[in-house]
Amino acid sequence: MARYLVRRLLLAALLVFVVASASLVLIWLTPGDYVTDSFGVHASAATAERTRAAYGLDRPLLIQYGSWLWRAVRFDFGRSLMYDRPVADLLPERAANSALLAVSALGLATLCGIPLGVLTGSRDSGVVSRLGRLLSIGFVSTPPLLGSLILVVLATRTGWVPVGGMYSAAGTAKRTADLLAHMIVPVLALALPLAAQFERLQSQSMRDTIALPFVTAAAARGVPWRRIVWRDAFRVSLKPVAAMYGIAVGSLLSGSFVVEMMTGWPGLGRLMFDALRSRDLYLAAGCAATGAIFLAIGTFFSDLALAALDPRTRE
Amino acid sequence: MRPVVFIAVITSITAIACSNSGPAAGVASQPASGGELIVATRAEPQSFNPIARRDATTALVSVLTHARLVRINAATQVLEPWLADSWTRSDDGLQYTLTLKPGLVFADGTPLTADDVVFSLSIAYARESEFSDALMVDDKPLKAEARDTRTVVITFPSAFSPGLRLLDSLPILPKHRLEAAVKEGRLESAWNVATPVSDMTGLGPFILTAYAPGDRLTFTRNPRYFRKDSAGGALPYLDRIVVEIIPDQDAQMLKLQAGQSDITTSEIRMEDYAQLKRAADAGTFQIVDAGMALDADALWINLAPGAFAGDPRRDWIQREELRRAISLAVDRKVFVDTVFLGAAVPVWGPITPANRRWYSDEVPHDPHDPGRARELLASIGLTDRNGDGLLDDPRGQPARLTILTLGGGTPIERGAFVVRDELKKIGLTIDVVPLESNALIHRFLSAKGYDAVYFHMQGSDTDPAMQPEFWRSTGNAHVWSLGQHTPPTEWERAIDDLMSRQVATFDEAERTRLFVEVQKIFAEHRPMIYFAAPRVFVGASRRVTNLTPSVLRPQLLWSADTIALTH
Chain A
1 MARYLVRRLL LAALLVFVVA SASLVLIWLT PGDYVTDSFG VHASAATAER
51 TRAAYGLDRP LLIQYGSWLW RAVRFDFGRS LMYDRPVADL LPERAANSAL
101 LAVSALGLAT LCGIPLGVLT GSRDSGVVSR LGRLLSIGFV STPPLLGSLI
151 LVVLATRTGW VPVGGMYSAA GTAKRTADLL AHMIVPVLAL ALPLAAQFER
201 LQSQSMRDTI ALPFVTAAAA RGVPWRRIVW RDAFRVSLKP VAAMYGIAVG
251 SLLSGSFVVE MMTGWPGLGR LMFDALRSRD LYLAAGCAAT GAIFLAIGTF
301 FSDLALAALD PRTRE
Chain B
1001 MRPVVFIAVI TSITAIACSN SGPAAGVASQ PASGGELIVA TRAEPQSFNP
1051 IARRDATTAL VSVLTHARLV RINAATQVLE PWLADSWTRS DDGLQYTLTL
1101 KPGLVFADGT PLTADDVVFS LSIAYARESE FSDALMVDDK PLKAEARDTR
1151 TVVITFPSAF SPGLRLLDSL PILPKHRLEA AVKEGRLESA WNVATPVSDM
1201 TGLGPFILTA YAPGDRLTFT RNPRYFRKDS AGGALPYLDR IVVEIIPDQD
1251 AQMLKLQAGQ SDITTSEIRM EDYAQLKRAA DAGTFQIVDA GMALDADALW
1301 INLAPGAFAG DPRRDWIQRE ELRRAISLAV DRKVFVDTVF LGAAVPVWGP
1351 ITPANRRWYS DEVPHDPHDP GRARELLASI GLTDRNGDGL LDDPRGQPAR
1401 LTILTLGGGT PIERGAFVVR DELKKIGLTI DVVPLESNAL IHRFLSAKGY
1451 DAVYFHMQGS DTDPAMQPEF WRSTGNAHVW SLGQHTPPTE WERAIDDLMS
1501 RQVATFDEAE RTRLFVEVQK IFAEHRPMIY FAAPRVFVGA SRRVTNLTPS
1551 VLRPQLLWSA DTIALTH
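Keeping their order, the protein sequence lines are chains A and B.
Quick note: the first sequence uses my numbering, first residue 1, plus one each step.
Quick note: the second sequence uses my numbering, first residue 1001, plus one each step.
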């Protein structure tokens, strides 16, 4: 187990390093830089060049990369060009906001998608099964951008839930309730497509599991169908879904980009979008690295769940 | 969009545009005090230090929390005393002696003195940026000297006719709060977004009292604000302004319609106009007509000498005949209707009719004449040699050029495609390449590697003498021919000479005469080709009153101290 953990940690570190390096290189290769973005035509060429030199942006790519790498191994991820603050200071507050959204969305998707998948997978007919399948197909087909927009329109037109930010402008003593109310739209925007994917996968997996001989044998012995489904078949059918959790974290991260922009949620996705647009390369690399850390954590827990469900995978 | 709806939209926008002749609406006899205004903006501030960063939200924070010595009224474009009560100018025009209003104090209670003015000007030059460049005259800084606690002498390096208009962009900052950071070399990072709000102070109508990163900024009334309304009542009228950060414009408009925000800092997009007009007619909010834009999008061809060396098109692509043909071929009425749904006026130069002080009817306009355009193109060797309807150069190759423009479905991108389609009618083959803004600016700043650009050059002031970088042939905003050390053509030399004289004279009639000549030369040689100037509309909730809209950003909040709410 210790060897397994060390191996996973090393792989995670490699993933973070590759993602951060790749994002740095990609930004360097993209036309324009932070100075172009902030000055445009409103500064002389001499001023722009001197500013580039002050930021170290005029140095060769390898030198800049080497300098960043040397600092990064000492956990100094550079300074944001836009905000003139250490990247390491900017990331935690936003990462926490995005993590809150992602964990909530994952939890909601699990609570909704998996039981519904068990239901639709264990029954071919019935209104609930048919409705569940239909809804899932609809939500799976809806991209996060469209889903967010629909929810934002619904929320603003009805006024049932607030949209924009994490808390109300007016402020309230009931901050937790206010936060939960503001989370509804972005969490639903992320959770619904994911729940639909879980439902589809769980449903198919349940159908395959029910076809196995041990289920037939249990039914032949007179075990109640409900008990067979929820006690015996459910655990076996969870394997493919557990394996998907790692990918789900990845899709949550990419989906949160869009959802945060649409709903004004102050998370990592928005920070990264602004960093990329302004060519704030160290901040963008930091955001990408943080996203990679989330992904590594997600796949790690996914592997743990898989190992718990199927001891054979521990070998 | 169905044709009937399309026509209805154009008709309604045109009707509104014609009926509104100036600043809008909602003036109460005596506005009521109190209330909270909710504003939606698209990006978070990069800093609270207006010297260190110039992004839109940082500038908005500066407008709300700081004040200047003098202010250009964004609605009338007239220079007004602000912190300065009055001023005199020396006979040679080089020195201005300003007297500060009595009793001015920062929000923290510290009195404003002339030393703060001197300090603010000095730190404006401390960091090289577009901000410090904008405060230079002939590439030299201004000097400031405190004669006593309320008297400041500003010395210009050379005669500069716009005079104190230059100081409209300079917020007066508290020396007592920033001096230590300057001495320690920390000016750039002073007042960054992590700074506790209680560490900052200003002379503006509001105080920043809370910032939730990425979420919102909260401003409360500054009880020590120096202005009073016409009845002697305290300003600002509002108790609070909450600026919410909502990056997506669709979400902003939805919140405005739902009554969850009062003002947005983004203009209403033409494609949203019809839907928002219906909502406005239903009474949920109002569309405020800020007026005609002061500048317009423009097409320019790369005229830098040697830009097409080795390119077979060098014989015709930089010719004036080509530029004149383009201007004649594009039907500006079609342009107005297609890009701006009728809410724009045709223009032919960088000075639009909205700039009442400097616009001149004497500047000639090109009519829409595709036949004449074809003749001009034929005169430079571009004719249809193989009968396919497309023009070919003398080598038999299609007369083709690429226009780079701003992507993202913006009016700029639409405009580029309209130009392409109009030029196709006279046989020119145009490829439009939409790019992201940073990539686009990088391409044309390099002065090489592009044929033509269609883009928007935002002016900072209506006075042309405040835009030397655009008019001067060596200027960094002289985009059609960047990187020159001497005027590359005789007509640009002539403009340089006229503008030098225009900047140096204080005779307003002479300034007007000289600038009309500049505009005529510009119109004759067409280094940039303009098509239409749009009307600018912004949205506001019905409860917001006493608005004085401006086409310049922030369109409504530039006069935040007089905005009121109906209760």
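Beta carbons: idealized from backbone N, C-alpha and C, even for Gly.
Beta-carbon to beta-carbon, Ile114(A) and Gln197(A) are separated by about 11 angstroms, too far to satisfy the 8 angstroms threshold. For Ala1452(B) against Leu1299(B), the beta-carbon gap comes to about 6 angstroms, under 8 angstroms, which counts as contact.
CA-CA distance, Asn1476(B) to Leu1404(B), rounds to 19 angstroms. DSSP places Asp1366(B) outside both helix and strand once states are collapsed to three, so it counts as coil. Around Ala1052(B), the same chain offers Glu1188 as residues with beta carbons nearer than 6 angstroms, after the five sequence neighbours per side are excluded. Annotation: the continuous alpha helix (DSSP H) that includes Phe1335(B) extends over 1332-1340. By the beta-carbon neighbour count (other beta carbons within 10 angstroms, threshold 16), Ile1154(B) is buried. In this structure Lys174(A) is exposed. Its beta-carbon is surrounded by fewer than 16 other beta-carbon atoms within 10 angstroms. Ala248(A) has its alpha-carbon roughly 10 angstroms from the corresponding atom of Ser302(A). The beta carbon of Ala296(A) sits no closer than 8 angstroms to any beta carbon of chain B. For the region 1210-1225 of chain B, the beta-carbon criterion of a distance under 8 angstroms to any beta-carbon of chain A is satisfied by Ala1212, Pro1213, Gly1214, Asp1215, Arg1216, Thr1218. Only residues of its own chain outside the window of five on either side were considered, and among them Thr1284, Phe1285, Ser1541 have a CB closer than 8 angstroms to the CB of Gly1259(B), listed in chain order. Using a CB distance cut-off of 8 angstroms, Asp84(A) counts as an interface residue toward chain B. The three-state secondary structure of Gly1306(B), taken from DSSP, is coil. Flagged as an interface residue toward chain A: Asn1476(B), by a C-beta distance shorter than 8 angstroms. Chain-order list of chain B residues neighbouring Val41(A): Ile1441, Leu1445, Met1457, Glu1469, Asn1476, Ala1477, Val1479, by C-beta distance under 8 angstroms. Exposure of Ser254(A) is indicated by the presence of fewer than 16 other C-beta atoms within 10 angstroms of its C-beta. In the three-state scheme derived from DSSP, where H, G and I count as helix and E and B as strand, Ser148(A) is classed as helix. Measuring C-alpha to C-alpha distances from Phe1335(B) to each of Glu1510(B), Leu1208(B), Leu1423(B) identifies Leu1423(B) as the nearest. The continuous beta strand (DSSP E) containing Glu1145(B) extends over residues 1143-1148. Using a Cβ-Cβ cut-off of 9 angstroms, Pro143(A) is close to nothing in chain B; its nearest Cβ partner there is about 15 angstroms away. In this chain, Leu14(A) is not harboured by any beta strand (DSSP E); it is covered by the alpha helix (DSSP H) spanning 2-29. Residue pairing of Phe1226(B) in beta bridges, as defined by DSSP: absent, with no partner found. With a threshold of 8 angstroms between beta carbons, Ala1194(B) makes contact with chain A.
Under the 8 angstroms Cβ criterion, the region 1071-1085 of chain B does not count as touching the region 1175-1182 of chain B, having fewer than three qualifying pairs. Closest option to Gly107(A), judged by alpha-carbon separation, among Arg7(A), Leu192(A), Ala46(A): Leu192(A).
Of the residues Ser1161(B), Val1197(B), Pro1157(B), Ala1144(B), the one whose Cα lies closest to the Cα of Ile1172(B) is Ala1144(B).
For Ala1290(B), the nearest beta carbon of chain A is not closer than 8 angstroms to its own beta carbon. Taking the CA atoms as reference points, Tyr167(A) sits about 12 angstroms from Asn97(A).
From the beta-carbon of Met261(A), the residues of chain B found nearer than 7 angstroms are Pro1247, Asp1248.
Nearest C-alpha to Gly1093(B) among Tyr1530(B), Val1503(B), Arg1535(B), Ala1564(B): Val1503(B).
Separation of Thr1489(B) and Tyr1530(B) (C-alpha to C-alpha, rounded to the nearest whole angstrom) is 21 angstroms. With a beta-carbon spacing of about 4 angstroms, Gly1035(B) and Leu1565(B) fall inside the 8 angstroms limit used to define contacts. Distance from the CA of Gly264(A) to the CA of Val1061(B), rounded to the nearest whole angstrom, comes to 19 angstroms.
Glu1413(B) has a beta carbon lying at 8 angstroms or more from every beta carbon in chain A. Excluding its 5 nearest sequence neighbours in each direction, Ser1559(B) has C-beta neighbours in its own chain below 6 angstroms: Thr1548, listed in chain order.
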